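First residue of the sequence shown: 2, per this note's numbering; consecutive thereafter.
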Amino acid sequence: MKLMKNIGCVIFDMDGVIIDSEELHKKAYYETFDAIGVHVSDELYKTLTGSSTINTFQKLVAHFNLDEKPEALVLNKRDRYVSFFENDPTLHLVKGVEEIIKYFYNKGLVLVLASSSAMVNIERVFNRFNLNQYFTAKISGADLKESKPHPEIFEKAAILGKIPKENCIVIEDSDNGVKAANDAGIFVIGYRNPLAADQTLEKADMIITDFEELIKYF
């Protein structure tokens, strides 16, 4: 692959790319599923990875024909996630991601966060790990009409970065996120997070297993 000399903006997903929080989200989801008495198979859960929480519960309410309100389930799940987040001292950034963030920032690239997580969760992560200084903008899929795999979040991220889409790249760890980037017409790098082994990333333009691999391209 050629050097990416024309890239001006890197758009990061958060969960599974910046922070290893996928297991916390999964635990919070499954506690919520248990509380409302539904069984969500591994196969069904896999299709929801990368979607916003409201979109996930809208789909599940329809799928199981539930009387529950998706908005109430979002709050239920969020409370459980916050409890896990605040009481887990071992929670850490994905290996090598802080270094690559600083590397891109020091090279003058615009960094944008585009996550399906609620903004309140994004702020928790960015404040806990002191990441705000590196990012020009942050966008939450929970505030948008559509959720990944819809391309809206990445189209808006490029606009916020003020860089043409052809001069942007996306870093994602989910198949829904990769499809969203594909449909937005933005080059997408799939990060193979070992905690998201059920994601194929087969539609990514490039797949990495370590962020250090990217340095040679920039």
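The beta-carbon is built from N, C-alpha and C at its ideal position, and this holds for glycine as well.
Computed from a predicted model, the values in this text were never measured in an experiment.
{"Asked": "How is Ala143 classed by DSSP in three states: helix, strand or coil?", "Found": "helix"}
{"Asked": "Identify every residue that forms a DSSP beta bridge with Leu94.", "Found": "Ile20"}
{"Asked": "Taking Ser53 as the reference, which of Leu45, Ser84, Lys149 has the closest Cα?", "Found": "Lys149"}
{"Asked": "Quick test of your reading: Leu114 and Phe13, contact by CB under 8 angstroms. State the CB separation rounded to the nearest angstrom.", "Found": "5 angstroms"}
{"Asked": "Can you tell me where the beta strand (DSSP E) holding Ser84 begins and where it ends?", "Found": "Unbroken run through Ser84 is the alpha helix (DSSP H), 71–87; no beta strand (DSSP E)."}
{"Asked": "Considering just the uninterrupted stretch of the alpha helix (DSSP H) at Val126, what are its terminal residues?", "Found": "120–129"}
{"Asked": "Spatial neighbours of Glu147 within its chain, please: CB distance less than 7 angstroms, with the 5 preceding and 5 following residues excluded, ordered by chain position.", "Found": "Glu153"}
{"Asked": "In the DSSP output, what is Phe188 paired with across the bridge?", "Found": "Ile170"}
{"Asked": "Which two residues bound the contiguous alpha helix (DSSP H) that contains Val39?", "Found": "Premise fails: Val39 is in no alpha helix (DSSP H) and is neither H nor E."}
{"Asked": "Please state whether DSSP places Ala182 in a helix, a strand or coil.", "Found": "helix"}
{"Asked": "May I ask you to report which of helix, strand or coil DSSP gives Ala198?", "Found": "coil"}
{"Asked": "With H, G and I counted as helix, E and B as strand and the rest as coil, what does DSSP make of Leu112?", "Found": "strand"}
{"Asked": "Grouping DSSP H, G and I as helix and E and B as strand, with all else coil, what is Ala205?", "Found": "coil"}
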